[in-house]
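Engineer: A single structure is presented below for examination.
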Amino acid sequence: MLQLICDSESPMFMTIDLAQPMFLFVSGVTVRSDTNAGTFTVDAEQFTSQHGEQRAVAGFAGKSVLPIVGFFPDSPRFRTKKPVPWKNRYVAIGGWLRGISSSLEGETLIERFRVEVEHIAFLGTYTAPATPIASSSSSSGDSDKGPAKKARFSYSSRFLKRPLDDDDSTEPGSSPSPSTSKTTGNAT
1 MLQLICDSES
11 PMFMTIDLAQ
21 PMFLFVSGVT
31 VRSDTNAGTF
41 TVDAEQFTSQ
51 HGEQRAVAGF
61 AGKSVLPIVG
71 FFPDSPRFRT
81 KKPVPWKNRY
91 VAIGGWLRGI
101 SSSLEGETLI
111 ERFRVEVEHI
121 AFLGTYTAPA
131 TPIASSSSSS
141 GDSDKGPAKK
151 ARFSYSSRFL
161 KRPLDDDDST
171 EPGSSPSPST
181 SKTTGNAT
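Written out as structure tokens, the structure is:
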């Protein structure tokens, strides 16, 4: 669900024309690609997936994603070839939100935002990690994994302040004398 929440009493609200389509910028990995139809799908992962428990979202295996179907308009710009990205490629796209498409995958109804692509940048190939990344909910509180590793730092302890050396300090408004300053490089 995509919502626009703002104060209707605000003067800024009067400048928003909700009848105009929204322009989106999205970056993510291409999940599917169909060169014949000129479409591709991107499941752009959101930063909210790193916080809290990972819930199972229908069809997205617990990831917090923005599901996008990108398509290229039939225009003279894309007359000969539409630049559809291959599967498992990072892309950044900018385009107009044109609607929502629904498809049935197995017994799950998947809804995706349809974006008419105006700009596309190919950012490289996605390489899956060698070992799956453990979710934060499975790693906290498990006692069967063996002894816990000691943390390298602690937010609860106060940090140590280094005492100032008397020879390195200078009075406000004064500069160190040339005889005590260290120089590097060749003198000319």
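FYI, in full-length UniProt numbering the residues of the sequence shown are 1 to 188. Even for Gly, the Cβ is constructed at its ideal location relative to N, Cα and C.
(1) If distances are taken between C-alpha atoms only, which option among V91, R114, G28 comes closest to G99?
(2) Based on Cα-Cα distance, which residue from T131, V117, K87, F72 lies nearest to I93?
(3) Buried or exposed: G28, going by 16 or more other Cβ atoms within 10 Å of its Cβ?
(4) Give every residue of the same chain whose Cβ lies closer than 7 Å to the Cβ of A44, excluding the five residues on either side of it in the sequence, and list them in chain order.
(5) If R112 and T41 are in contact, beta carbons under 8 Å, what's the gap, nearest whole angstrom?
(6) By the three-class DSSP mapping on this structure, what secondary structure does P67 have?
(7) Identify, in the order they occur along the chain, each residue of the same chain with its Cβ nearer than 8 Å to the Cβ of L123, setting aside the five sequence neighbours on each side.
(8) If you reduce the DSSP assignment to three classes, tell me which class S112 lands in.
(9) Bridge partners for F23 per DSSP, in chain order?
(10) Give the DSSP-derived three-state secondary structure of R79 in the structure shown.
(11) Among residues of its own chain, excluding the 5 on either side of G38, which ones have a beta-carbon nearer than 8 Å to its beta-carbon?
(12) Cβ of T80 within 7 Å of any heavy atom in the ligand PLP?
(13) Tell me the residue span of the beta strand (DSSP E) that contains T41.
(14) Report the rounded CA-to-CA distance for L21 versus D74, giving the unit in angstroms.
(15) Out of Y126, S33, A19, which one is the CA nearest neighbour of W86?
(16) Quick check: what's the CA-CA separation for A19 versus Y126?
(17) If we count the other Cβ atoms within 10 Å of its Cβ and call it buried at 16 or more, is T131 buried or exposed?
(18) Look up Y126 in the DSSP assignment and say whether it is helix, strand or coil.
Structural biologist: The answer reads as follows:
(1) In the sequence shown, counting from the first residue as 1, residue 99 sits at position 99. With distances taken between Cα atoms, G99 lies closest to R114.
(2) Reading the sequence shown from its first residue, position 93 is the one you call residue 93. It is V117.
(3) Residue 28 sits at position 28 when you count from the first residue of the sequence shown. Buried: at least 16 other Cβ atoms inside 10 Å.
(4) Counting from one through the sequence shown, the residue named residue 44 turns up at place 44. For A44, where only same-chain residues beyond five positions count, the Cβ hits under 7 Å are V26, S27, G28, V65, L66, I68.
(5) Start at 1 with the first residue of the sequence shown, and residue 112 comes out as number 112. Start at 1 with the first residue of the sequence shown, and residue 41 comes out as number 41. The Cβ separation is near 7 Å, so the contact holds.
(6) For the purposes of this step, residue 67 is taken as residue 67 along the sequence shown, with counting starting at 1. Looking at P67 - three-state DSSP - the assignment turns out to be strand.
(7) To locate residue 123, count along the sequence shown from 1; it is residue 123. Cβ within range, chain order: S27, R89, Y90, V91, A92.
(8) Residue mapping note: residue 112 aligns to position 112 of the sequence shown, counting from 1. Residue identity check: residue 112 is Arg in the sequence provided, not Ser. Reduced to three states, the DSSP call for R112 is strand.
(9) Translated into positions along the sequence shown, residue 23 becomes position 23. Looking at the DSSP assignment, F23 forms a beta bridge with W96.
(10) Here the question's residue 79 lines up with position 79 in the sequence shown. Coil at R79, not helix or strand.
(11) Within the sequence shown, the letter at position 38 stands for residue 38. Only F71, F72, F78, K82, V84 meet the Cβ criterion.
(12) With respect to the ligand PLP, the structure offers nothing, as it holds no ligand at all.
(13) What you label residue 41 is simply residue 41 of the sequence shown in a count that begins at 1. Counting along the chain, the beta strand (DSSP E) containing T41 begins and ends at 39-45.
(14) Translated into the one-based positions of the sequence shown, residue 21 becomes position 21. Translated into the one-based positions of the sequence shown, residue 74 becomes position 74. Reading off the sequence shown, one finds Pro at residue 21, where the question assumed Leu. Rounded to whole angstroms, P21 to D74 spans 18 Å at the Cα level.
(15) Here residue 86 refers to the residue found at position 86 when the sequence shown is read from its first residue. Residue S33 is the option with its Cα nearest to W86.
(16) Against the sequence shown, residue 19 aligns to sequence position 19. Against the sequence shown, residue 126 aligns to sequence position 126. Using only the alpha carbons, I get a separation of about 37 Å.
(17) As a working mapping, residue 131 is identified with position 131 in the sequence shown. Answer is exposed; the Cβ neighbour count stays below 16.
(18) Taking the sequence shown and counting its residues from 1, one reaches residue 126 at position 126. Correct three-state label for Y126: coil.
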